Structure formats: C-alpha cells, structure tokens
Amino acid sequence: MSLAGGEDSTPVPPISTPFPIQSTPIPFTLAPTIPAYDISGEVLSSSTSFLEGGTFTLEPLGGTTDTETLDPSRLIVNIDPLGVYLLPNVLDGDYMVTVTPKCVAYGCFQPSVLVVAGADVLEFNMAPFPAALLPSGPPMAWYYSLASSRILALDEIEFAATSLVMVGQNDMQAGESSRMVLVGPACLRCAELFEVVTQVEWSVSSSTDASIEAETGLVTISDGAPVG
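The sequence shown maps to residues 2 to 229 in my numbering.
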C-alpha cells in the first residue's frame with residue numbers, strides 16, 4: 002500500500018538474532034598499592050650554617066620495589082635557601098644519596114646510602130665532610146690544571162686568606178724552569194682550583210742554586226745545582 006506522497010507505509014518487522022545477547026560482568030582486581038614515603042631533612046654547609054641552595058638526589062641501588070618503572074627525575078629535588086629539602090613518594094629500597102651544592106667553602110659531601118623501609122616521614126640530614134680530614138688535605142691541589150682556561154680574580158674567592166695555595170712542579174732537574182702559580186677554588190673546596198690573578202711577590206731560599214722572577218713566579222734551577 003502506498004501513500005499519496007509515494008512513500009511505502011509497509012511496517013518493517015523487528016530484527017531478530019538467532020542467539021540471545023547476555024551481559025556477563027567481567028571480574029577485575031585492583032593492583033596492589035606500592036607504599037611510598039616522604040624523605041625530608043636539612044643540609045648543612047658547615048657545622049653552624051645551612052646550605053644555601055643546591056640539589057638533593059637519590060639513585061636506586063637495586064633493592065627498590067619497582068626500580069624498572071621508577072622515573073629518575075622524580076628522585077631529584079632542589080634544596081631551598083634555608084637548607085631544607087622534601088622528596089615525596091619515595092618507594093621502599095636502598096638509595097645512594099648525593100648532594101650537589103651551589104657553594105661549600107670548607108668541605109665535600111660524601112655519597113651516603115639511605116635505606117627506605119616503611120616510615121611516614123623519614124628525616125635524613127647531611128653535612129659536608131671537612132676537607133681538612135680528607136686524605137689529600139685542603140685544598141686538594143691536584144684538581145688544578147695549567148690547561149684551564151678560567152682565571153679567577155681575588156674577590157671571586159670566598160675565604161681567600163685560607164683557600165689560596167701555591168702549586169707548581171715539585172720535582173725539578175738542574176737547568177729546568179717552571180712557573181709557580183697561586184690558585185684557589187671559586188667556591189666548592191673539592192672542585193677544580195683555578196689560577197688567581199692578584200699582586201704577588203715571589204722569592205726563593207736559598208737562592209744559591211735557584212732563582213725566581215719576583216713578578217711572574219718563574220723558577221729556574223742552575224745547571225750545577227746539587228740534588229736536594
């Protein structure tokens with residue numbers, strides 16, 4: 002049968018399926034929650050003052066619950082100007098702790114091991130190891146290299162009176178020359194030492210078999226100088 006407009010008005014039978022569709026709930030279980038804890042503390046620059054800035058870093062040592070999925074950038078946090086840091090959501094495990102300071106005048110932060118094993122807020126404080134107690138003693142002059150392109154002005158060095166050191170060739174032969182250099186750290190005691198530009202007057206004693214240029218620090222050993 003057709004309507005005046007030409008459209009077929011025959012009813013369309015409902016579509017049937019040979020098999021009824023059943024709704025079956027899919028069982029699921031929540032993944033176990035891995036416990037994580039906050040690590041906080043204070044970092045000193047000496048026995049009496051706080052470290053004014055730097056970074057506090059944890060490096061997993063293999064005993065962490067989920068080391069493979071751990072984001073390394075999540076284990077680095079800035080130390081605020083008052084020497085305080087907070088590192089949240091740290092998983093159980095063993096970590097190597099390193100502190101990279103902006104400046105420490107009289108010591109070095111030695112790497113430390115931190116074991117996280119279930120604590121809501123773990124206080125972990127650090128202080129530098131005094132440079133005077135290091136095997137080399139202050140100021141670790143072997144970090145200085147004459148090939149360094151940087152030269153410091155005297156006012157760039159903190160505690161200049163106690164940080165400057167004279168370096169040069171320690172073992173010379175008769176007829177050799179070597180320039181003595183005044184060096185110091187720009188800031189960190191255990192960092193590289195740089196040549197310091199300041200007014201210096203050099204001298205050597207005894208002057209019988211060696212001479213030194215007072216302004217340049219160039220030492221010359223005479224050809225006939227005896228061993229000693």
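The beta-carbon is built from N, C-alpha and C at its ideal position, and this holds for glycine as well.
Computed from a predicted structure; not experimentally measured.
Own chain partners of residue i with C-beta closer than 7 Å, once the 5 adjacent residues on each side are dropped
i	result
Ala37	Asn90, Val91 and Leu92
Asn171	none
Arg151	Phe195
Simplified DSSP state of residue i, which is helix, strand or coil
i	result
Ala37	strand
Ser47	coil
Ser137	Reliability fails at Ser137, whose pLDDT of 47 lies under 50, so the model's placement of it is uncertain and the value that follows must be treated cautiously. Coil, per DSSP.
Leu83	coil
Leu183	strand
Ser74	helix
Beta-carbon proximity list for residue i, same chain, < 6 Å, skipping 5 on both sides
i	result
Thr58	Ile77 and Thr99
Gly42	Glu124, Phe125 and Asn126
Pro88	Note on identity: in this sequence residue 88 is Leu, with Pro being the wrong assignment. Contacts found: Ile40 and Val78.
Lys103	Gly54 and Gly55
Residue from the options whose Cα sits closest to the Cα of residue i
i	options	result
Ser207	Gly94, Gly169 and Gly229	Gly229
Ala211	Asn79, Gln200, Gln174 and Leu153	Gln174
Val117	Asp39, Leu219 and Val166	Asp39
Cys109	Ser47, Gly119, Thr101 and Phe130	Phe130
Gln200	Met167, Leu155, Gly169 and Arg180	Leu155
Where the beta strand (DSSP E) containing residue i begins and where it ends
i	result
Val117	Ser113 to Val117
Ser178	Ser178 to Arg180
Gly94	Gly94 to Pro102
Nonlocal neighbours in the same chain, by C-beta distance under 8 Å from residue i, ignoring five residues either side
i	result
Leu62	Gly94, Asp95, Tyr96, Met97 and Val114
Asp224	Ala175 and Gly176
Leu153	Gly185, Ala187, Phe195, Glu196, Val197 and Val198
Thr45	Before going further, note that residue 45 is Leu rather than Thr in the sequence given. So the qualifying residues of the chain are Phe51, Leu52, Gly84, Asn126, Met127, Ala128 and Pro129.
heavy atom of the ligand NAD below 7 Å from residue i C-beta
i	result
Val122	For the ligand NAD, the structure offers nothing, since it holds no ligand at all.
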